[in-house]
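Student: Note that the protein sequences, when read in sequence, are chains S and B. If you want my numbering, it's the position in the first sequence, counting the first as 1, plus 421. If you want my numbering, it's the position in the second sequence, counting the first as 1, plus 3. Glycine included, C-beta positions come from ideal geometry on N, C-alpha and C. Below you will find the structure I want to go over with you.
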Amino acid sequence: MSVPNTLLTKESQDKDTSPILQVSNLTKRFGEGCDYCKNHELETNLCSECGTVTACSNVSFELDKGEILGVVGESGSGKSTMVKCLYFDQQVTSGSAILTDFKDGETNIFDQSAQMQRYIRNYMMGMVYQNPHLGLKMDYSSSGNVAEKLISAGHYHVGKIRERSSELLNQVEIPVSRMDEQPKRFSGGMQQRVQISKALANNPPLLLLDEITTGLDLSVQAKVLDLIRNIQREMQVAMIVVSHDLGVIRMLADRTIVMKEGKVVEQGLTDQILQDPQHSYTQLLVHSLL
Amino acid sequence: MPVQNNFEMSEYNFAFLDEGSKREIRRTILKGIAIPGYQVPFASRELPIARGWGTGGLQLTLSLLGRQDCLKVIDQGHDDSVNAVSIRKLAKTSSGIETTTDTVEASVIQTRHRIPEEKLRDDQILVLQVPEPEPMRRVEARETQTERLHAEKEYSSIWVRLYEDIVRWGEITIGADYPCMVHHRYIFNPSPIPRYDVEKLHQADGLYLFGAGREKKIYAVPPYTDVEPLQFEDYLFEVEEFNEESCRLCGSTSTFLDEIYDSSTGDKYYQCSDTGYCSKQQTERKVKANVRT
């Protein structure tokens, strides 16, 4: 029986509407940094004094439950660095990120120990890289790749692992008869789908997708995008979709942030940004859409 | 042929190594005991045998020996294999202490690839020679990465390796040197002892020390520590079975048996791998050795 909304306490209502991820002032510098680039607003992301590259500069945003957030920007704008920081592939220079489901929902995950960060990665996040080689062990079986994520989250029953991996691979249209084949024998699109099923293995509340359709041909792109939409609809997973392709963003994202030189230059509803871009860079981006 | 000079032991320190080296090794041992299963790096010394031939074990043994100690050295269970004999001789000539082939008499036992049949007591130390101390080397070639994996207790990759074995072969194919979790923290290689011996490490009375001379690592399993071989809930760890075969010399059915083929007839025999225990059994049971000529 469903509980009428009015009976819910204030607290639980808050919990329902509060974002699952809050990122504030995420900054990532490659290089030492100097007084100049730490204290001035730079025109570009390269410091003229010390040569430090500020890949992400004070990036802040929120992500709601089951929402898809698009991140667009040209090459080198810091989109990938941002998701890699969120997935702990790279260490942030400063800033905080709070996952509502982690601890009391007030803990900065960047301050956690490496061991704890592994835990967050394994239990609460999934990542799909542009290059399947980064996310998959090409010499292991596809089910083994999915198993890795399940084992990380504490599943040690081979039968159950196989059941779950066949279910997941089936969901991404990899035939069960090929579940024990190595991804290196798969096409690019199939490899990408194996990666997606691996990322989904633990039902993570948050999925990070980094340029997942880049390099795939159009029909395969469409299939992968379709899959992502289905997953979002059925499983209510929140996602951050990084892409330089506005078509992908338009199709998937509810809200979008636009990045340039490491900074967020514009954010809002995707339709709004595409119909009525405010920032000159966004305007350029939208108008160069074929 | 040049005449080999006599080896003047009086010119050497007690138990070959200098006291400074021994002290460093003992300190490393203490750290290893304090953190069960953690591989403590140490400065592996030069010895009269080549690295990879038991130098890790030998350095542990030499550092542990005192004048009251009694040493036993075995190689895959045998007291009389070339390597065991050479190591025992070096320890004996350089320290003058007693040596034995009887597990019960020994206070320090150096071994390669076996744990003796007789249960280790709390006043005994077993020193194991280790060729590859890193369990994660099976899945990760870089030392910087394996150190990080241990630090973060990130062991999913070795579990996936076991999973792959099951997918491909229907069982886990690691025989000797079966990776185990010690004290619920570190996964370690128990050195290439058979699976049969792995269970002896769990909640043991004695102290187990592991020395890898070539890889410059020392680690330990202290007494009364949990040692759990990696196993899936539905694919359990299994030890070797001998299908009711018995030792042809002492008739034992409850020991780890070596399989031996007669090269002329092609016949297959079984006999105890632990020769010290076997000869004791023979005298006890007064079984006449039935060795075929």
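Which residue marks the beginning of the beta strand (DSSP E) containing residue 486/S, and which one marks its end?
Tutor: Taken as a continuous stretch (DSSP letters only), residue 486/S belongs to no beta strand (DSSP E), as it is neither H nor E.
Student: Would residue 570/S and residue 619/S be called neighbours here (beta carbons separated by less than 7 Å)?
Tutor: Yes, the pair counts as a contact, with Cβ atoms nearer than the cut-off.
Student: What's the gap between the Cα of residue 208/B and the Cα of residue 39/B?
Tutor: Their backbone Cα atoms lie some 15 Å apart in a straight line.
Student: Taking the alpha helix (DSSP H) that residue 448/S falls in, what are its first and last residues?
Tutor: Unbroken run through residue 448/S is the beta strand (DSSP E), 442-451; no alpha helix (DSSP H).
Student: Which bits of chain B does residue 579/S rub up against, with CB to CB less than 7 Å?
Tutor: Result: 166, 169, 235, 237, 238.
Student: Could you tell me if residue 465/S is buried or exposed, where buried requires 16 or more neighbouring beta carbons within 10 angstroms of its beta carbon?
Tutor: Per the 10 Å Cβ criterion, exposed.
Student: Is DSSP giving residue 560/S helix, strand or coil here?
Tutor: Coil.
Student: Report the option in 687/S, 589/S, 692/S, 681/S whose CA atom is closest to the CA atom of residue 674/S.
Tutor: Nearest C-alpha to residue 674/S: 692/S.
Student: Quick check on residue 514/S: does DSSP put it in helix, strand or coil?
Tutor: Note: residue 514/S maps to coil in three-state DSSP.
Student: Below 8 Å on the Cβ atoms is my guess for residue 442/S versus residue 535/S; work out the distance and round it to an integer in Å.
Tutor: At roughly 20 Å, the Cβ-Cβ gap does not stay under 8 Å, so residue 442/S and residue 535/S are not in contact.
Student: If you scan the segment 536-582 of chain S from start to end, which runs of the alpha helix (DSSP H) of 4 or more residues do you find wholly inside it?
Tutor: With a minimum length of 4 residues, the continuous alpha helix (DSSP H) runs that stay inside the segment 536-582 of chain S are 553-556, 563-573.
Student: For a test of the three-state rule: what should DSSP assign to residue 528/S, helix, strand or coil?
Tutor: The answer is coil: DSSP assigns residue 528/S none of H, G, I, E or B.
Student: Residues in its own chain within less than 7 Å of residue 459/S by CB, not counting five upstream and five downstream?
Tutor: There are no such residues.
Student: Which residues, in order along the segment 150-161 of chain B, keep a beta-carbon less than 9 Å from a beta-carbon of chain S?
Tutor: So the close ones are 151, 154, 155, 156, 157, 158, 159, 160.
Student: Using 7 Å as the limit for Cβ to Cβ distance, is residue 201/B near chain S?
Tutor: False, the Cβ-Cβ gap to chain S never drops below 7 Å.
Student: If I follow the unbroken alpha helix (DSSP H) through residue 215/B, where does it start and stop?
Tutor: Segment 210-215 is the beta strand (DSSP E) holding residue 215/B; no alpha helix (DSSP H) there.
Student: Quick one: measure Cβ to Cβ for residue 57/B and residue 132/B, integer angstroms, because I've assumed they're closer than 8 Å.
Tutor: Sure, about 4 Å apart at Cβ, within 8 Å.
Student: On the DSSP bridge list, what partners appear for residue 631/S?
Tutor: Beta-bridge pairing links residue 631/S to 663/S.
Student: Just checking, does the segment 633-647 of chain S make contact with the segment 512-530 of chain S on the three C-beta pairs under 8 Å criterion?
Tutor: Too few Cβ pairs lie closer than 8 Å, so no.
Student: By the DSSP assignment, the beta strand (DSSP E) with residue 231/B in it spans what residues?
Tutor: Element bounds for residue 231/B: 230-232.
Student: Using the beta-carbon of each residue, which ones in chain B are nearer than 7 Å to residue 532/S?
Tutor: Residues of chain B passing the Cβ test: none, with the nearest at roughly 16 Å.
Student: Against chain B, which members of the segment 552-576 of chain S pass a CB distance test of less than 7 Å?
Tutor: Per Cβ criterion, the list reads 561, 562, 564, 565, 568, 569, 572, 573.
Student: List the DSSP bridge partners of residue 77/B.
Tutor: BP columns for residue 77/B point to 114/B.
Student: I'd like the ranges of any beta strand (DSSP E) spanning at least 3 consecutive residues and lying wholly in the segment 596-655 of chain S.
Tutor: Fully enclosed beta strand (DSSP E) runs of 3 or longer: 627-631.
Student: In chain order, what residues of the segment 482-495 of chain S put their CB closer than 9 Å to some CB of chain B?
Tutor: Within the segment 482-495 of chain S, no residue has a Cβ that lies closer than 9 Å to any Cβ of chain B.
Student: Could you tell me whether the Cβ of residue 296/B comes closer than 7 Å to any Cβ of chain S?
Tutor: Note that residue 296/B has pLDDT 41, beneath the 50 cutoff, so the model's placement of it is unreliable and no number is given.
Student: Can you tell me which residues form a DSSP beta bridge with residue 272/B?
Tutor: Answer is 263/B.
Student: Identify, in the order they occur along the chain, each residue of the same chain with its Cβ nearer than 6 Å to the Cβ of residue 55/B, setting aside the five sequence neighbours on each side.
Tutor: Excluding positions up to five away in sequence, the list reads 217.
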